[in-house]
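In our numbering, the protein residues as written are 8 to 326.
Here a beta-carbon is modelled for each residue, glycine too, at the ideal position from N, C-alpha and C.
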C-alpha cells in the first residue's frame, strides 16, 4: 500500500507491505513503487518491512541498484559501518543540520540516498525533508537569477581540530592522491605552511533533473556560509582564525561575498516547506537527492540512522 504521510499529499509517500513476505519478496514491489513514484514525490518512506539489521538494510538497498558509492569528498563526519553503509552524521546531538541536498557543494553527487533507522531517539532527531522544486519556486526570481549567474564558490580548510581532517575527507594519507582528485574534479588546492589543506571549488546554484527536466535549487551556500554559525560561535571562531582560514565558507563564484540577508531568505523558504516525522525502528527512507533535501534536528537519547548512496551524477553530464 502507498499513501501520503500527511493529508496535504506532500512527500514522503509511505509504502507499507502486505504481511507474510520475506524481505526478498518485497523487493520487486519496492522497485516498482520507486520507479513509478520517486520521480513524482521525491521521497518514499518504507515502513513495516522486515529490516532489523545493517545487513538487511544493505540487502534492501542492493535490490535497487548495483552502483552504491563511497563517501568521497564529504563535508560531515561519517564512519563506514559496513561496505557502502555509513553513519548519517556524527555531529553532536545538540546541533541542528540545515536542510540540504547531499553533496550539492560539488560537481558530482549521488542521485539516490537511503536512510535507515536502526534505533529511534527518545526525543527529536527528525530527518526533515523538503521538495527542492518547491524551494526553487518559492525563492524570489531575482535571487534565483542572481545565484544562477554567479554560481557558488565553496572554501574549505581541513583539520586543525576545527573540521574533518583531509585524510578522512579524501580517504587517503597520500597528498598526491588528494591532488589528483582535485585536478580531476576542478578543485583548486593549496597546502598551507602548517601542512593543512585549503580547497576552493565553484559549483552550481541551480540544476535541472536529468530524468524529469525540472529545475531545482541545488547548492549548500546557506549551510557553508559563515552566517550559518550561531553568532557566539562565529565570534569565537573569528577570534581564533582569519576569515580565509574558517573551516568552511561560501561566496559567489567570482569571489565576491554573498549577502547574508539573501541567505536568510533562502533559509526561511526551506523552513516553510520542511516536512518531518518521527522515526520508527526499521524505517527506510529513499530520496531522489536532486528532488528532495534533508537535514537533522537535535535529539536526546541514542540515535542510529545509517545512510547509503548510489548513482553518481556529474554536473553537465548525463547521470
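Q: Grab me the residues of residue 188's own chain with a C-beta within less than 8 Å of its C-beta, minus the 5 sequence neighbours each way, in chain order.
A: Translated into the one-based positions of the chain shown, residue 188 becomes position 181. So the qualifying residues of the chain are 79, 80, 177 and 194.
**Q.** Close beta carbons around residue 93, own chain, < 6 Å, minus the five adjacent residues each side
**A.** Counting from 1 along the chain shown, the entry for residue 93 is found at position 86. 78, 85, 87 and 314, listed in sequence order.
Q.
Using C-beta distances below 7 Å, list every residue in its chain close to residue 216, excluding the 5 sequence neighbours before and after it, in chain order.
A. Taking the first residue of the chain shown as 1, we reach residue 216 at position 209. The residues 223, 297 and 298, in chain order, have a CB closer than 7 Å to that of residue 216 in the same chain once the five nearest residues on each side in sequence are set aside.
Q) Do residue 68 and residue 121 have their C-beta atoms closer together than 9 Å? A) As a working note, residue 68 is residue 61 in the chain shown. As a working note, residue 121 is residue 114 in the chain shown. The Cβ atoms of residue 68 and residue 121 lie closer than 9 Å to each other.
(Q) Please give me, in chain order, every unbroken run of the alpha helix (DSSP H) with length at least 4 that falls completely inside the region 181-209. (A) Correct list: 182-191.
Q.
Taking the alpha-carbon of residue 212 as reference, which of 260, 225 and 203 has the nearest alpha-carbon?
A. For the purposes of this step, residue 212 is taken as residue 205 along the chain shown, with counting starting at 1. Nearest to residue 212 by alpha-carbon distance, out of 260, 225 and 203, is 225.
Q. Can you name, in chain order, every residue of its own chain whose Cβ lies under 8 Å from the Cβ of residue 192, other than the five neighbours on each side?
A. As a first step, residue 192 is located in the chain shown; it is residue number 185 there, counting from the start. So the list reads 80, 113, 114, 115 and 208, once near-sequence residues are dropped.
Q: Just tell me which of 147, 162 and 170 has its CA closest to the CA of residue 196.
A: Locating residue 196 in the chain shown gives position 189, counting from the first residue. Cα-wise, what sits closest to residue 196 is 162.
Q: Taking only beta-carbon positions, decide if residue 170 is within less than 9 Å of chain D.
A: Absence of chain D from the displayed structure is noted, only one protein chain being present.
Q) What is the rounded straight-line gap between the Cα of residue 319 and the Cα of residue 76? A) The count along the chain shown starts at 1 and reaches residue 319 at position 312. The count along the chain shown starts at 1 and reaches residue 76 at position 69. Near 7 Å, if we compare the C-alpha coordinates of residue 76 and residue 319.
**Q.** Proximity to residue 140 [Cα-Cα], best of 18, 304, 283 and 99
**A.** For the purposes of this step, residue 140 is taken as residue 133 along the chain shown, with counting starting at 1. Answer by Cα proximity: 18.
Q | Nearest neighbour of residue 22, chosen from 31, 40 and 13 [CA to CA] | A | Residue 22 sits at position 15 when you count from the first residue of the chain shown. Closest option to residue 22, Cα to Cα, is 40.
Q) So residue 289 and residue 58 are in contact, right, with Cβ under 8 Å, and what is the actual spacing, rounded? A) Here residue 289 refers to the residue found at position 282 of the chain shown. Here residue 58 refers to the residue found at position 51 of the chain shown. A Cβ-Cβ separation of about 5 Å places residue 289 in contact with residue 58 under the 8 Å criterion.
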